[in-house]
Each structure stands twice: as C-alpha cells, then as structure tokens.
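Following: one structure in structure tokens, then a few remarks.
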Amino acid sequence: MRAYSQDLRERVLRDSDAGLLAEVVAQKYQVSPAWVRRLKQRRRETGEVEPRAQRYGPHPMLAPHLSTLAALIQARPDRTLVELKDALGTPASVPTIWRAVTALGFTIKKNGPRVRTRPPGHRRRARAVAGDRPDP
-14 MRAYSQDLRE RVLRDSDAGL LAEVVAQKYQ VSPAWVRRLK QRRRETGEVE PRAQRYGPHP
46 MLAPHLSTLA ALIQARPDRT LVELKDALGT PASVPTIWRA VTALGFTIKK NGPRVRTRPP
106 GHRRRARAVA GDRPDP
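In terms of this note's numbering, the sequence shown has 59 at position 74, counting the first letter as 1, and numbering is strictly consecutive.
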C-alpha cells in the first residue's frame, strides 16, 4: 500500500485545524480516523507530516554474494546446492541458495540430465484436438 500524498495530508490537517473532528475529516477524505489522529500527533511531536520512507520487506541475505555465487556456478556448473552453500560459507539455507541461483537465471536439475521426448504442452494440445472431433 502506498503512502498518502502530501496534498491529502495538508488538506486533512487544514480541516482538522479548522475545528472538524477526526471522524468527520476521515469520512470526508475516505481515510481512517486513527490515521488522522496519528498524523496530528506526529505533527505535534516531531513537526513532520511528510510520508516516511517505505520499507518493502527484508533485504536479500545473499545480495552481497551474488557475483561470487555466479562465478562458482560458472566455474563448476555441476555443483549441488549444498556444495554451493559450503563454498559461499554463509549461514543461508539451501532453499535460499536455490532462490538466489534461479534469480541469477541458472537452472538446477535434481536428478541429473533429463531428455524431453515430446515438446512441452503435448497433452494439452492432444486434448484440445480430441475435443474438436465431431460426435460419431
């Protein structure tokens, strides 16, 4: 969810300063009364009314190690995820290593090389064709 605009904040505070109750201001601008009260409190305590910087989740644990991880994979592509974890020397879990590897654009094959004999989606096309046949 994005922060409310500075313009909206100023209008809310202007109406609050004019003597309107927080519930009335909240209904007028379609915000919660609690937000109006918190905005007024923040202005009173700190003098700030600007939106604070948004933090969108935790920072990736392996962000500083991505170039090293890519070099390890390119040097020896047949390493397992556990071997990559040991080579990095990080406390990250194996699933975290896997997510970093896929984010770098590499793929991991669990059971060795696989040979695909049919193109992907073969069955879906066959069912669609079978459904188009006229009834006998």
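Positions of the beta carbon are idealized from the N, C-alpha and C atoms, including for glycine.
In this structure, the CA atom of residue 20 is about 10 Å from the CA atom of residue 27.
With 16 or more other CB atoms across the displayed protein chains lying within 10 angstroms of its CB, residue 11 is buried. Going by beta carbons, residue 13 and residue 2 fall outside the 8 Å limit. Distance from the CA atom of residue 32 to the CA atom of residue 77, rounded to whole angstroms, is 42 Å. Measuring C-alpha to C-alpha distances from residue 36 to each of 89, -9, 18 identifies -9 as the nearest. From the listed residues -6, 8, 54, the smallest Cα separation to residue 73 is found for 54. Taken atom to atom, the span from the alpha-carbon of residue -5 to that of residue 38 is near 18 Å. Per the coordinates, the alpha-carbon of residue 71 lies some 51 Å from the alpha-carbon of residue 16. Residue 4 and residue -12 have their alpha carbons spaced roughly 25 Å apart.
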